[in-house]
Amino acid sequence: MPAEEVKALLDSGADVVVLDARRFDEYQTMCIPGGTSVPGAELALRVRDLAPNPATRVIVNCAGRTRSIIGTQSLVNAGIPNPVSALRNGTIGWTLAGLKLDHGQQRRFGAVSPEALAAARSAAQTLADRAGAVRLDTATLAAWVADGARTLYRWDVRTPEEYAAGHLPGFGSAPGGQLVQETDVCAAVRGARIALADGGPGSDGVRAAMTAHWLAQLGWEVGWLTDNTPDQHTSTGPWRPAHAPQPEVLRTDLPTVLGRLPAADRIVLTCPDGRLARLAAADLHRYTAKPLAVLDGGTPAWVAAGLPLETGDAGRLSERIDRYRRPYEGTDAPREAMQAYLDWEFGLVAQLGRAGTHHFQVLPAA
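Under the working numbering, the sequence shown has 14 at position 21, and the numbering climbs by one with no breaks.
Okay, here's the thing in structure tokens:
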């Protein structure tokens, strides 16, 4: 639905709810006036409480197109009775249409009613089964973990706040809507398995199943945990990738950070797979006479040996510059950059068709 049409509905007081499928921090930066933050994996779980009248039109937005289209189709797949639309081109399209966004808003979803939970759970689990996702019990998950021939990613798909309050040991935090959009970040090894957890079958059983039904369509071998319980959520705190407890530095910064390294007779380099560290050692020989060594097997070998890890940025010597800032992040992107981003998205389907390597399996109509 074009931005101008959505604006007219809102101005006329029509029976409409706008649900923002992005991360909450993105929503706080800028949002459609009157919109409520409901990140992608939360939509099917919470929409029945946010739009209890079947006649209410539900409009899903994101920054551009991806998360709003996936979110809208999630609601269609889940069988809600409401009419559902995606805001065409999201907050970028709203801005390019000359309309004003809100900033600093705090509108979020509330608690889930028992009736909405039961309906969402039934729909989500049926979809996951139809898509070919695996129902994981504790024993099957343990077998996946023990299988050294396959990479396994374990993700808790609830909100970051729920994750921090308590989660299963060994699971990182990747809210489901972001995980579906960012498998390049959250599941970089092609052909890996993905195991998903949420609040458990007693209190949830929706978000992991809905996320799994999308990942299965993307060609992943994915399972959602069916027998976890809140008493098993013994780990707490926000998720941070762990690393060996020594300074972190980008390879390109090595010549400039040598003087800031802790005093030592030898320098040992490591990285996630051991290969980048070897290249860095070859570079570093030109700048120091100290003996250099590379950790055999990289950081995974350190982990396998049961040695301690640390999280956070206390030992980081390099700024995080190796990240592309998308045109929809922040409020100062040039119009040309926003339009170029949309044009790139418009061409993705044809690009995937030419590549022929995506292995997508679109769920057939029920």
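Positions of the beta carbon are idealized from the N, C-alpha and C atoms, including for glycine.
CB-CB length for residue i against residue j, believed under 8 angstroms
i, j, result
"Met(-6)", "Arg81", "6 angstroms"
"Ala56", "Ile85", "6 angstroms"
"Val10", "Ala44", "5 angstroms"
"Gly267", "Gly291", "4 angstroms"
"Leu247", "Leu277", "5 angstroms"
"Pro366", "Asp220", "It is not possible to answer for residue 366, since the shown part of the chain is limited to -6 through 359."
"Asp42", "Gly103", "7 angstroms"
"Ala90", "Glu(-3)", "6 angstroms"
Those residues which DSSP pairs with residue i across a bridge
i, result
"Tyr146", "Ile187"
"Asp13", "Ser30, Asn54"
"Asp95", "Cys24"
"Glu214", "Arg186"
"Arg128", "Trp217"
"His160", "Ser228"
"Val77", "Val51"
"Arg101", "Ser30"
"Val261", "Ala286"
Own chain residues within Cβ distance below 6 angstroms of residue i, not counting five before or after
i, result
"Tyr334", "Pro320"
"Val127", "Gly216"
"Trp207", "Val173"
"Ala297", "none"
"Asp177", "none"
"Ala124", "His206, Ala209, Gln210, Leu356"
"Arg101", "Ser30"
"Pro76", "Arg50"
Distance between residue j and residue i (C-alpha atoms, nearest Å)
i, j, result
"Asp130", "Met331", "44 angstroms"
"Asp191", "Leu345", "31 angstroms"
"Ala157", "Gln225", "14 angstroms"
"Leu356", "Pro265", "35 angstroms"
"Gln210", "Arg143", "20 angstroms"
"Gly340", "Asp13", "24 angstroms"
"Ala343", "Arg279", "46 angstroms"
"Glu19", "Thr227", "29 angstroms"
"Trp213", "Ala294", "26 angstroms"
"Thr88", "Phe353", "32 angstroms"
"Asp253", "Asp289", "At residue 253 the sequence reads Arg, which differs from the Asp that was named. Answer to the nearest angstrom: the Cα atoms are 25 angstroms apart."
"Ser377", "Glu154", "Outside the displayed span of the chain (-6 to 359) sits residue 377, for which this structure offers no information."
"Ala348", "Glu338", "15 angstroms"
"Glu329", "Gly163", "43 angstroms"
"Tyr350", "Cys179", "As written in the sequence, residue 350 is Thr, which differs from the Tyr given in the question. Approximately 19 angstroms between the Cα atoms of the pair."
"Asp336", "Ala282", "51 angstroms"
"Asp325", "Ala139", "48 angstroms"
"Pro284", "Arg271", "14 angstroms"
"Leu65", "Gln171", "A quick correction: the sequence has Thr, not Leu, at residue 65. Roughly 15 angstroms between the two C-alpha positions."
"Lys0", "Pro231", "37 angstroms"
"Asp122", "Ala275", "50 angstroms"
"Pro107", "Gly141", "41 angstroms"
"Gly28", "Ala111", "25 angstroms"
"Ile52", "Ala358", "22 angstroms"
"Ala132", "Gly184", "21 angstroms"
"Pro327", "Gln99", "26 angstroms"
Spatial neighbours of residue i in its chain, beta-carbon cut-off 7 angstroms, leaving aside the 5 residues before and after
i, result
"Ala37", "Ser67, Leu68, Ala71, Ala113, Ala116, Ala117, Val199, Met203"
"Gly97", "Gln21"
"Pro74", "Pro47"
"Val375", "Within the shown structure, residues of the chain are numbered from -6 to 359, placing residue 375 beyond reach of any answer."
"Val105", "Leu38, Arg39, Asp42"
"Thr229", "Ala157, Ala158, Gly159"
"Arg15", "Pro32, Cys55, Ala56, Arg60"
"Leu92", "Ala(-4), Lys0"
Cutoff 8 angstroms; reference residue i; Cβ partners in own chain excluding five residues on either side
i, result
"Gln174", "Gly33, Thr59, Arg60, Ile63"
"Ala273", "Arg244, Leu247, Leu262, Cys264"
"Asp8", "Asn46, Ala48, Thr49, Arg50"
"Ala257", "Lys283"
"Pro26", "Leu3, Lys93, Leu94, Asp95"
Distance CB(residue i)-CB(residue j) smaller than 9 angstroms
i, j, result
"Val250", "Val287", "no"
"Pro223", "Gly169", "no"
"Gly216", "Arg186", "yes"
"Leu145", "Leu218", "no"
"Asn54", "Ala79", "yes"
"Cys24", "Leu120", "no"
"Phe17", "Ser5", "no"
"Ala109", "Val150", "no"
"Trp148", "Ser166", "yes"
"Arg39", "Leu2", "no"
"Ala188", "Leu134", "yes"
"Glu322", "Thr152", "no"
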